[in-house]
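Line by line, the protein sequences give chains Y and U. Numbers given in this note's numbering equal positions in the first sequence, counted from 1, plus 10. Numbers given in this note's numbering equal positions in the second sequence, counted from 1, plus 15.
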Amino acid sequence: MQNNFPNEGMSVIVKTITRFTVWLIFLYGLYIVIHGHLSPGGGFAGGVIVALSFVHLTLAYGKNFVMERVNKFAMNSLEAIAAILIVLTGLVGLYVTGYFLANFMGVGKLYTLLSAGYIPMLNIFICVKVGMGLYLVFYYLASFKPKEG
Amino acid sequence: MIIGSIACLEIKNILSSIITIGVVGLGLSLAFLFLGAPDLALVQFVFEILCVIILIRAFAKRSIEVRALRRDVPETIIAIVILASIFVLSIFAFKDLPSFGKPIVRVAERYLAQAGVETGSQNIVTAVILNYRVYDTLGEVTVLFTAILGAVTILRKTGRKKRHAE
């Protein structure tokens, strides 16, 4: 990848190591989310790990490098869309079974990846929401400069 | 953890103080892990790292003068008396609590026995927070959404101009 902001961020050593570690952190977050109903973890912890991978990239390369590739408007809307989808899941449950946020899919077979009805789906929505939200908070705090005087 | 929190209050350098806050959080995470709650330990661990990063970014470059606290004798005596009375009262309160591992609430037994069959989720913690107690999770997500809304509103660069600014 071409880096248009070579003077920002940390030293060359940190940047080279970051290139290897950031994908591992991101994939570990996704693993925790997808296996949330089988092993410890879930949408919340996985979302924070996904946000931490973006934070890692921001700390090593500087915020302009990340913001050149990631659309801030897309992150804002992804977060809002995930919040809407959680409520929509609840409304579908209300329509199908009569209770808000009820499990409208089948239970499935225990100990398999595609089981537990709507729990993996909710995990993924919560992951997107928490990850994007926490990174946006970090971004706004990092780009905030108090005015003089 | 107690040593870390005392050191956090006493250290004059702000960066070392933030790092001791991180030590307190990681100690709490280890405590969760040894009590048999890996879910909580994971969340606590990850959040502590994020908190330390944000605190360092926010405070490390600012030059904040740390004022030495003057300790008044009557205030210290009042604080010690109140803490001692709370300690003595809490001894009486803890006698009435049920012992560890024997909860009063009967619904926990049903969760342990039936969660796998009813929800199809192997991880019972996930089964509880995303199936039996989804309203809780929805409220938590709403709290996070509101926090992000506040951060964006306060910290954005360009304020929205008033229409009748002329």
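Even for Gly, the Cβ is constructed at its ideal location relative to N, Cα and C. Note that the structure is a prediction, hence the values are computed from the model and not measured.
| query | What residues in the region 46 to 75 of chain U bring their beta carbon closer than 7 Å to a beta carbon of chain Y? | reply | 53, 54, 57, 58, 61, 62, 64, 65, 68, 69, 72 and 73
| request: May I ask which residues mark the beginning and end of the alpha helix (DSSP H) holding residue 86 of chain Y? | output: 82 to 107
| field | Helix, strand or coil at residue 55 of chain Y [DSSP, three-state] | value | Note: residue 55 of chain Y maps to helix in three-state DSSP.
| task | Could you check the C-alpha separation between residue 33 of chain Y and residue 20 of chain Y for me, to the nearest Å? | result | 19 Å
| Outcome for residue 128 of chain Y when other beta-carbon atoms lying within 10 angstroms are tallied against a minimum of 16 | Flag for residue 128 of chain Y reads buried.
| How close, in whole Å, do the beta carbons of residue 164 of chain U and residue 140 of chain Y come, if the pair is a contact with beta carbons under 8 Å? | That pair is no contact at about 15 Å.
| said: Three or more C-beta pairs under 8 Å: does that hold for the region 28 to 42 of chain Y against the region 63 to 70 of chain Y? | reply: yes
| query | Using a C-beta to C-beta distance shorter than 8 Å, which residues of chain Y count as neighbours of residue 166 of chain U? | reply | Within 8 Å Cβ-Cβ: 146, 147, 150 and 151.
| What does residue 160 of chain U touch in chain Y if you count any residue whose Cβ is under 9 Å from its own? | Against chain Y, a Cβ distance below 9 Å from residue 160 of chain U picks out 89, 90, 93, 139 and 143.
| If contact means a Cβ-Cβ distance below 9 Å, which residues of the region 141 to 161 of chain U contact chain Y? | Against chain Y - using a Cβ distance shorter than 9 Å - the residues of the region 141 to 161 of chain U are 141, 142, 144, 145, 146, 149, 150, 152, 153, 155, 156, 157, 159 and 160.
| Where the alpha helix (DSSP H) through residue 34 of chain U begins and ends | Here the alpha helix (DSSP H) through residue 34 of chain U covers 29 to 49.
| With a CB to CB cut of under 8 Å and the five nearest residues on each side skipped, what residues in its chain are close to residue 166 of chain U? | none
| Between the region 69 to 88 of chain Y and the region 23 to 36 of chain U, are three or more C-beta pairs nearer than 8 Å? | At 8 Å Cβ cutoff, the stretches do not touch.
| Among residues of its own chain, excluding the 5 on either side of residue 151 of chain Y, which ones have a beta-carbon nearer than 7 Å to its beta-carbon? | Contacts found: none.
| field | Closest Cα partner of residue 39 of chain U within the set U:150, U:66, U:50 and U:152 | value | U:66
| Exposed or buried, which one is residue 49 of chain U when buried takes at least 16 other CB atoms within 10 Å? | exposed
| Near residue 70 of chain U, what residues of its chain come up, given a Cβ to Cβ distance below 6 Å and the 5 sequence neighbours on each side ignored? | 33
| field | Other residues of its chain near residue 140 of chain U: CB distance less than 6 Å, five sequence neighbours each side excluded | value | 54
| Should residue 163 of chain U be flagged as near chain Y, meaning a C-beta pair shorter than 9 Å? | yes
| Straight-line CA distance for residue 138 of chain Y to residue 97 of chain Y? | 14 Å
| What residues of chain U sit near residue 55 of chain Y, judged by a beta carbon separation below 8 Å? | 54, 57, 58 and 61
| task | Return the CA-CA distance between residue 88 of chain U and residue 41 of chain U, expressed in angstroms with no decimal places. | result | 34 Å
| said: Taking its Cβ as the centre, do 16 or more other Cβ atoms sit within 10 Å of residue 127 of chain U, making it buried, or is it exposed? | reply: exposed
| said: If you reduce the DSSP assignment to three classes, tell me which class residue 74 of chain U lands in. | reply: helix
| request: Compute the beta-carbon to beta-carbon distance between residue 75 of chain Y and residue 60 of chain Y, rounded to the nearest angstrom, for a pair I have assumed lies under 8 Å. | output: That belief does not hold up - the Cβ atoms of residue 75 of chain Y and residue 60 of chain Y are roughly 18 Å apart, past 8 Å.
| Would a check of beta-carbon distances place residue 72 of chain Y closer than 9 Å to chain U? | no
| request: Could you list which residues in chain U have their beta carbon closer than 9 Å to that of residue 21 of chain Y, in chain order? | output: Here the premise fails: no neighbours, minimum Cβ distance about 17 Å.
| message | Taking 9 Å as the threshold (C-beta atoms), are residue 58 of chain Y and residue 61 of chain U in contact? | response | yes
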